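>
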Amino acid sequence: MPRKMLDCREMPSESGCSLTLTGEADEVLEAGAAHAVAVHGHTDGEELRSGLRSALRDAPQATGPGAFVQLIEFQTQQYDQMDALIDGWKAEIGADRTAEWMVMGRDRDREGTYMEVVEFPSAEAAQRNSDSPATTAFAGKMMALCDGPVTFHNLEVVRAETP
933 MPRKMLDCRE MPSESGCSLT LTGEADEVLE AGAAHAVAVH GHTDGEELRS
983 GLRSALRDAP QATGPGAFVQ LIEFQTQQYD QMDALIDGWK AEIGADRTAE
1033 WMVMGRDRDR EGTYMEVVEF PSAEAAQRNS DSPATTAFAG KMMALCDGPV
1083 TFHNLEVVRA ETP
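Numbering (my numbering), first residue to last: 933 to 1095.
Take a look at the structure:
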């Protein structure tokens, strides 16, 4: 069973809390409720726990052999719009999303150049993601925000390490 997580950064909040909880679903729910009461002033009860339950999601797993990583390189002067577009895609694709995690980086040596690393459990899962109508629509909008061609590198993971 995959570990679950709650991330305060994904909750509506004025405090800017950055706590992330990861573990078994019941553990995360209990700790999340205690945190919401102690730090954010919520009242513990079914309404709070229902909201927390709906926010639970699978925690990213360590990548290992057999996984698939896509490296996407693009240039844009409209990164804020790109960031909003990514958030819209995540909402639209919902539970059909097969990506496990992503990292976006801005190239310090080439102005307006970005690289996104997206991990999938397999090449087949990446293909299902690419075949989604939500991803197809996203890709067209993404290309319109780019200042040239987008480069995709499709990588089979042969070694991965975590501390």
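Glycine residues also receive a C-beta, built at the ideal position from the N, C-alpha and C atoms. Computed from a predicted model, the values in this text were never measured in an experiment.
Alpha helix (DSSP H) containing Met1074: first to last residue?
By one-based count along the sequence shown, residue 1074 stands at place 142. Met1074 -> alpha helix (DSSP H) spans 1065 to 1077.
> Kindly give me the distance between the Cβ atoms of Thr954 and Arg935, rounded to whole angstroms, as I take these residues to be in contact under 8 Å.
Looking up residue 954 in the sequence shown gives position 22. Looking up residue 935 in the sequence shown gives position 3. So it is a contact: roughly 6 Å between Cβ atoms.
> With distance defined between alpha-carbon atoms, name the residue in Glu956, Ala1069, Gly948, Ser950 nearest to Met937.
As a working mapping, residue 937 is identified with position 5 in the sequence shown. Measuring from the Cα of Met937, the nearest candidate turns out to be Glu956.
> Does the contact criterion of 3 or more C-beta pairs under 8 Å hold for the stretch 968 to 977 versus the stretch 1013 to 1026?
With the cut-off at 8 Å, the stretch 968 to 977 and the stretch 1013 to 1026 do not touch.
> How close, in whole Å, do the beta carbons of Phe1052 and Asn1061 come, if the pair is a contact with beta carbons under 8 Å?
To locate residue 1052, count along the sequence shown from 1; it is residue 120. To locate residue 1061, count along the sequence shown from 1; it is residue 129. Right, their Cβ atoms sit about 7 Å apart.
> Could you check where the beta strand (DSSP E) with Gly1037 kicks off and where it finishes?
Residue numbering aside, residue 1037 sits at position 105 when the sequence shown is read from its first letter. Here the beta strand (DSSP E) through Gly1037 covers 1033 to 1038.
> Using the C-alpha atoms, what's the distance from Arg1038 back to Gly983?
Taking the first residue of the sequence shown as position 1, residue 983 is located at position 51. Taking the first residue of the sequence shown as position 1, residue 1038 is located at position 106. For Gly983 and Arg1038, the distance between alpha carbons rounds to 34 Å.
> Tyr1046 and Thr1083 - do their beta-carbons sit closer together than 9 Å?
Locating residue 1083 in the sequence shown gives position 151, counting from the first residue. Locating residue 1046 in the sequence shown gives position 114, counting from the first residue. No, the pair does not count as a contact, with Cβ atoms beyond the cut-off.
> Whose C-alpha, out of Ala999, Asn1086, Glu959, is nearest the C-alpha of Arg985?
Position 53 of the sequence shown, counted from the start, is the residue given in the question as residue 985. Closest option to Arg985, Cα to Cα, is Glu959.
> Glu1093 and Phe1000 - do their beta-carbons sit closer together than 9 Å?
Here the question's residue 1000 lines up with position 68 in the sequence shown. Here the question's residue 1093 lines up with position 161 in the sequence shown. No, Cβ-Cβ distance for Phe1000 and Glu1093 is not below 9 Å.
> Output the distance between the C-alpha atoms of Asn1086 and Val1050, rounded to the nearest integer angstrom.
As a position in the sequence shown, residue 1086 is number 154, starting the count at 1. As a position in the sequence shown, residue 1050 is number 118, starting the count at 1. In a straight line, the C-alpha of Asn1086 is about 10 Å away from that of Val1050.
> What's the call for Glu1056, buried or exposed, on a 16-neighbour Cβ count within 10 Å?
Taking the first residue of the sequence shown as position 1, residue 1056 is located at position 124. It is exposed - the Cβ of Glu1056 has fewer than 16 other Cβ atoms within 10 Å.
> From Arg1091 to Arg1029, what does the alpha carbon distance come to, in whole angstroms?
To locate residue 1091, count along the sequence shown from 1; it is residue 159. To locate residue 1029, count along the sequence shown from 1; it is residue 97. For Arg1091 and Arg1029, the distance between alpha carbons rounds to 24 Å.
> Hey, out of Asp1079, Glu946, Gln1059, Glu942, whose CA is closest to Glu1043's CA?
Taking the sequence shown and counting its residues from 1, one reaches residue 1043 at position 111. Among Asp1079, Glu946, Gln1059, Glu942, the Cα nearest to that of Glu1043 belongs to Asp1079.
> Here's the rule: buried if 16 or more other CB atoms are within 10 angstroms of the residue's CB, otherwise exposed. What is Gln1059?
Within the sequence shown, residue 1059 is the residue found at index 127, counting from 1. When all chains shown are included, Gln1059 counts as exposed.
> Given a cut-off of 9 Å, decide if Ser1054 and Gly998 are closer than it, judged by their beta-carbon atoms.
For the purposes of this step, residue 998 is taken as the residue at position 66 of the sequence shown. For the purposes of this step, residue 1054 is taken as the residue at position 122 of the sequence shown. In this structure, Ser1054 lies closer than 9 Å to Gly998 by Cβ.
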